[in-house]
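S.K.: In full-length UniProt numbering, the protein residues as written are 1 to 211. Sharing a structure with you now.
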Amino acid sequence: EMFPTKNVPIDEAVAMFLHILAHNLKYRVVHFNYCRSMETISRQFKNILQAIMKVSKEYLKFHEYNIEGSVENKWRWFKNSIGALDGIHIPVTVVVEDRPRYRNRKGDISTNVLGVCGLDLRFIYVLSGWEGSAGDFQVLRDVLRIHIPNGKYFLVDAGYTNGPGFLAPYRGTRYHLNEWIGNTPQNYKELFNLRHASARNVIERSFGVLK
1 EMFPTKNVPI DEAVAMFLHI LAHNLKYRVV HFNYCRSMET ISRQFKNILQ AIMKVSKEYL
61 KFHEYNIEGS VENKWRWFKN SIGALDGIHI PVTVVVEDRP RYRNRKGDIS TNVLGVCGLD
121 LRFIYVLSGW EGSAGDFQVL RDVLRIHIPN GKYFLVDAGY TNGPGFLAPY RGTRYHLNEW
181 IGNTPQNYKE LFNLRHASAR NVIERSFGVL K
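This is how it looks when you write it as structure tokens:
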């Protein structure tokens, strides 16, 4: 249980905590935003973190994978798949000195957020905080910490590589669904990519629901 301190209300302490986590901020940045000393910020951050740890077992529930599969026909080609993942760039405002790190390939200031969802469109895992300049594979390496059941995998696009727990399409071959409008697969690679894109579209639909 958290109690207000003499100088810092609980809501402000929580706001500083979330601000630091959401934007990977240094205490000196929060110091200017909240007009609090860095010693106070450090102490409040630790207080909130300890409070969350105390109630985590009661209120935080880790996702249980649906390993039974989906009834949707498009998933029958990927019987051991438990979902899909993809990255999305979200516009952010950062201090001037950090802008080069957050500038993505399109020249916009953003954070690269990776989302993982199950066959039912529900998000299983979200990794936020990476700079917009970070590549998809660089972000994926950070997500390798999540546990994937033995023999199961997530569908990923060609920006990632095949590996334990991840299945990518053939590179250099037509892939995205809009590329198939008015076209039919001409070989086994194109057929695989079409089926892969149709199933992996679940993550794009999940992001679409949020938007």
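A virtual CB, placed ideally from N, CA and C, is assigned to each residue, including glycine.
Do L121 and R195 have their beta-carbon atoms positioned less than 8 Å apart in this structure?
M.R.: Not in contact: R195 and L121 (Cβ atoms no closer than 8 Å).
S.K.: For W180, which residues from the same chain have a beta carbon less than 8 Å from its beta carbon, with the 5 sequence-adjacent residues on both sides left out?
M.R.: R174, L194, A197
S.K.: If you compare alpha carbons, which of K79, L127, S133 is closest to P100?
M.R.: S133
S.K.: Looking at G118 and D86, is the spacing between their C-beta atoms short of 8 Å?
M.R.: no
S.K.: Quick one: what does DSSP say H89 is sitting in, helix, strand or coil?
M.R.: strand
S.K.: Between N178, F166, A158, G159, which has its C-alpha nearest I148's C-alpha?
M.R.: Selected option, being the one with the closest Cα: F166.
S.K.: Identify which residue in G107, I203, A199, N104 has its Cα closest to the Cα of W77.
M.R.: A199
S.K.: In the structure shown, what three-state DSSP assignment does F3 receive?
M.R.: Confidence in F3 is poor, its pLDDT being 48 and thus under 50, which makes the residue's placement too unreliable to answer from.
S.K.: Taking only beta-carbon atoms, is R36 less than 8 Å away from chain B?
M.R.: Note that chain B does not occur in the displayed structure, where there is just one protein chain.
S.K.: For V156, which residues from the same chain have a beta carbon less than 8 Å from its beta carbon, with the 5 sequence-adjacent residues on both sides left out?
M.R.: Contacts found: A84, L85, D86, L140, F166, L167, A168, R200.
S.K.: Is the distance from the Cβ of Q44 to the Cβ of A22 below 8 Å?
M.R.: no
S.K.: In chain order, which continuous runs of the alpha helix (DSSP H) of length 4 or greater are located wholly inside the UniProt domain "DDE Tnp4" (85-211)?
M.R.: Counting only runs of 4 or more, we get 99-102, 136-143, 188-210.
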